[in-house]
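Below is one structure, written out as structure tokens; comments come after it.
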Amino acid sequence: DGEIVDKIIQAIKRADRIIQNLLDASRAGAGQPMNLVYREGDLGVEIAEVVKDLVLQYGDRFRFEARGDLVGVWAADVLRRVLENLAINAVKYGANDQPVQIQLTRNGDTIVLSVENEGNPISLEEQQALFQLFKRGKPAEINGVPGWGLGLSVVLAAAHALHGHVDVESGPSIGTTFRLEFPKENPS
């Protein structure tokens with residue numbers, strides 16, 4: 160049955176993602192850079208595939224928009240994992256009845272990947288500690304949300320490896336947005 164095969168494939172992908180996150184978190188903790196493998200392609204197509212996988216796993220909660228010329232040489236596997244980490248967090252911590260907005264934009268020589276969700280805002284105090292290895296927010300601890308506190312530290316390590324940066328903006332009237340910015344050109 161095709162549905163069973165899809166579920167098995169998704170479970171294998173989740174296990175691989177956890178292993179990759181553990182390896183990347185260990186590298187970052189040891190002060191080693193993340194391994195990046197660059198290949199040519201359309202980053203918009205790559206990210207659309209991740210969104211499709213997320214829909215299979217979490218339902219039709221995701222809205223994706225790509226803008227600008229996104230054909231180039233990318234560390235696509237790392238960017239896929241960045242999006243998976245950010246989108247899964249948006250599902251875990253965002254409002255269940257609101258969509259998760261994903262945007263991929265090229266602004267000149269800069270690529271911006273953003274993930275936005277509605278829900279309880281992240282306090283400024285928690286924002287300062289979000290990207291620390293094994294650090295989980297109070298809502299996760301209080302509500303028993305499963306996780307290891309690896310995802311955002313991996314996102315930060317990816318931002319550094321891509322010669323970019325990641326930030327978060329969160330408030331009661333604006334929701335929560337994580338934004339990864341990095342240069343279009345292969346930095347190696």
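For the sequence shown, the numbering used here begins at 160 and goes up steadily by one.
No residue lacks a Cβ here, since even glycine has one placed at the ideal position from N, Cα and C.
- Ranking K343, Q216, E285 and V209 by CA distance to the CA of A170 puts Q216 first.
- Membership of G310 in the alpha helix (DSSP H) is indicated by the continuous run G310 to A320.
- Using a Cβ distance threshold of 7 angstroms, D268 and K343 count as a contacting pair.
- Distance from the CA of R222 to the CA of Q260, rounded to the nearest whole angstrom, comes to 5 angstroms.
- Only residues of its own chain outside the window of five on either side were considered, and among them Q262, T336 and R338 have a CB closer than 6 angstroms to the CB of S273, listed in chain order.
- One alpha carbon belongs to P192, the other to N248, and they sit about 24 angstroms apart.
- The beta carbon of R176 lies closer than 7 angstroms to those of R240 and E243 in the same chain, with the five residues before and after it left out.
- In this structure L238 does not touch D201 by the C-beta definition: roughly 12 angstroms separates them, more than the 8 angstroms allowed.
- If the five residues before and after V327 are omitted, its C-beta is found closer than 6 angstroms to the C-beta atoms of Q286 and F337, all from its own chain and listed in chain order.
- According to DSSP, P342 shares a beta bridge with T269.
- Going by C-alpha positions, I178 is about 15 angstroms away from A316.
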